[in-house]
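Please read the structure below before turning to the comments.
Chains as they are written, first to last, in the numbering used here: chain A, 1365 to 1519; chain B, 424 to 808.
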């Protein structure tokens, strides 16, 4: 081992991130197993998660739209054993994907689960782009993005 | 707008720099840039500096601590931060300062000391905390999704693309051996890349950049100063552009990536470039991931969508080919992130000056590029004679 002299320190700060009414409604609807988007009156896109304004048209969204809890994987990745960092939500290997939910016009990021990750090459095939997936909901839901446990491949 | 030139560049030796503290690392790059330009700190009118999110080094607003090492005493100084694209934003900001007519000599300095923290932990915090952070597994988790989208978008033979990506890694590693400042300096084979462990599928360990300690300084000057100080080694800024994208990863098309396409088109227009692959001699592309380098050939108009792998397999992007991509060894071999984009500019400038460690003969036009955020920002700069 290299003999390196270091000063060790730690920064830990707690935050209270304010939910806007749009955020709050999105999270509240998750408790009812409903995924909500908002529609842009100009480009007509349904944006999920719901938001107050369309980032491209720069106008307020005007309509709430429920989208399906089923959709298609746009892209995905399998987080391997090598990738570890402070604050990681779970032990690798695990799956991440962008999912185009039926009725939405943009992708929605979430975990992929319900498949065997022990053989990465096999797992990757089961979660490749184009795969249909469905949300698996937590029994106890508290109005957080993790009320959806993960999306499970349907094939 | 006034003409602006790069008149000097300085880099530290990049890697694990346990021999210096953060300010000393920065001082090393600044001193070298001043020596290279053959000017003194007194000639510098203003400084722009930047790095990754401050938790990376654990000192917020690090330009306060670094002011002394930047030579910032009694000078205008500002911090610019656009995540991975910070380095190109620094070059752009220095250019704006000089082109505006307000300053004659402006120094851009980017830095990072990544071995002092958990970089992937820090990078995960760039995503907003409500909807995306928990699904952000550091930089690899974000960009691997772009790579996978690319693999599946076009009717590309997957083995060919896989082979081309491995070749990109091999080429960058070979070129880095010629670069005395490069961090990773080992010869590798295609098999090494293909057999390296999966970090974040489809990205394997050797498809991926390292983390590095390092700093880079680039000095920009007005035409007036260049004439007055009789500076003969310069690289003129010919064009530049920058484009931002939405924050939500799923909002964007990561393959037909509009922010990269737009920034490139605008840069070419300003520089008067019509046929990039013919007119650009060296492209220092921001290539932390092998697949991304290939995708950028397409986004930057070097070839048609879906044909990037052919440029690799046909030898088009090597030093002896039509366009030399990352002859410095690229981000794949050196990545002190806040400095990384500025190193692209420094290496492009050295190619124009004829002083690069892996010099491309007769280089007249060079491209520098950086990308940052949750697949969010792209910036380019063209340098020429």
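Even for Gly, the Cβ is constructed at its ideal location relative to N, Cα and C.
- One thing to note: residue 1458 of chain A has its Cβ within 8 Å of the Cβ of residue 1475 of chain A.
- Counting only the Cα atoms, residue 1519 of chain A lies some 15 Å from residue 1463 of chain A.
- The shortest C-alpha to C-alpha distance from residue 571 of chain B to any of B:748, B:592 and B:717 is the one to B:717.
- Under a 10 Å Cβ-count criterion, residue 1374 of chain A is classified as exposed, with fewer than 16 other Cβ atoms of the shown protein chains found around its own Cβ.
- Burial of residue 536 of chain B is indicated by the presence of at least 16 other C-beta atoms within 10 angstroms of its C-beta.
- Exclusion of the five residues before and after residue 765 of chain B leaves 510, 513, 514, 531, 533, 639 and 641 as the residues of its chain whose Cβ lies within less than 7 Å of its Cβ.
- Beta-bridge analysis with DSSP links residue 665 of chain B to B:802.
- The beta carbon of residue 500 of chain B lies closer than 8 Å to those of 469, 470, 471, 472, 486, 490 and 493 in the same chain, with the five residues before and after it left out.
- Under the Cβ criterion (8 Å, minimum of three pairs), the segment 755 to 762 of chain B does not count as touching the segment 674 to 684 of chain B.
- In the structure shown, the three-state DSSP call for residue 1381 of chain A is coil.
- Counting every other CB atom within 10 Å of its CB across the protein chains shown gives residue 612 of chain B a total below 16, marking it as exposed.
- Here residue 1383 of chain A is exposed. Its C-beta has fewer than 16 other C-beta atoms within 10 Å.
- The residue from B:569, B:547, B:602 and B:474 with its alpha-carbon nearest to that of residue 436 of chain B is B:602.
- Distance from the CA atom of residue 806 of chain B to the CA atom of residue 773 of chain B, rounded to whole angstroms, is 10 Å.
- The C-alpha of residue 785 of chain B is placed about 12 Å away from the C-alpha of residue 743 of chain B.
- Considering only A:1428, A:1477, A:1367 and A:1511, the residue with the shortest C-alpha distance to residue 1468 of chain A is A:1428.
- Residue 596 of chain B carries a helical assignment under DSSP once its states are collapsed to helix, strand and coil.
- Under DSSP, residue 426 of chain B takes part in no beta bridge, so it has no partner.
- Contact annotation: residue 689 of chain B and residue 767 of chain B have beta-carbon atoms that are not nearer than 8 Å.
- Contact between residue 1438 of chain A and residue 1401 of chain A does not hold, since their C-beta atoms are separated by about 16 Å, which reaches or exceeds 8 Å.
- DSSP places residue 769 of chain B in the uninterrupted alpha helix (DSSP H) bounded by 760 to 776.
- For residue 575 of chain B, the enclosing alpha helix (DSSP H) has its first and last residue at 561 to 576.
- Restricting attention to A:1480, A:1376, A:1516 and A:1392, the CA atom closest to the CA of residue 1465 of chain A is found in A:1516.
- Rounded to whole angstroms, the separation of the alpha carbons of residue 616 of chain B and residue 628 of chain B is 7 Å.
- Identification of chain A residues near residue 435 of chain B by a Cβ-Cβ cut-off of 8 Å yields none; the smallest Cβ-Cβ distance measures about 18 Å.
- Spanning the alpha carbons of residue 1478 of chain A and residue 1449 of chain A requires a straight line of approximately 23 Å.
- Chain B places a beta carbon closer than 8 Å to that of residue 1488 of chain A, counting this residue as a contact.
- For the set B:618, B:643 and B:522, the Cα lying nearest the Cα of residue 433 of chain B is the one of B:643.
- By a beta-carbon distance limit of 8 Å, residue 508 of chain B contacts residue 802 of chain B. Their separation comes to about 5 Å.
- Contact between residue 567 of chain B and residue 623 of chain B holds, with the beta-carbon distance rounding to 4 Å and staying under 8 Å.
- At a cut-off of 8 Å between beta carbons, residue 721 of chain B makes no contact with chain A.
- When the beta-carbon positions are compared, residue 797 of chain B and residue 559 of chain B come within less than 8 Å of each other.
- With fewer than 16 other Cβ atoms from the protein chains shown falling within 10 Å of its own Cβ, residue 463 of chain B counts as exposed.
- In chain order, 554 make up the part of chain B whose C-beta sits under 7 Å from the C-beta of residue 1413 of chain A.
- At least one beta carbon of chain B lies nearer than 8 Å to the beta carbon of residue 1492 of chain A.
- Residue nearest to residue 582 of chain B within the set B:461, B:604, B:733 and B:750 is B:733 (criterion: CA-CA distance).
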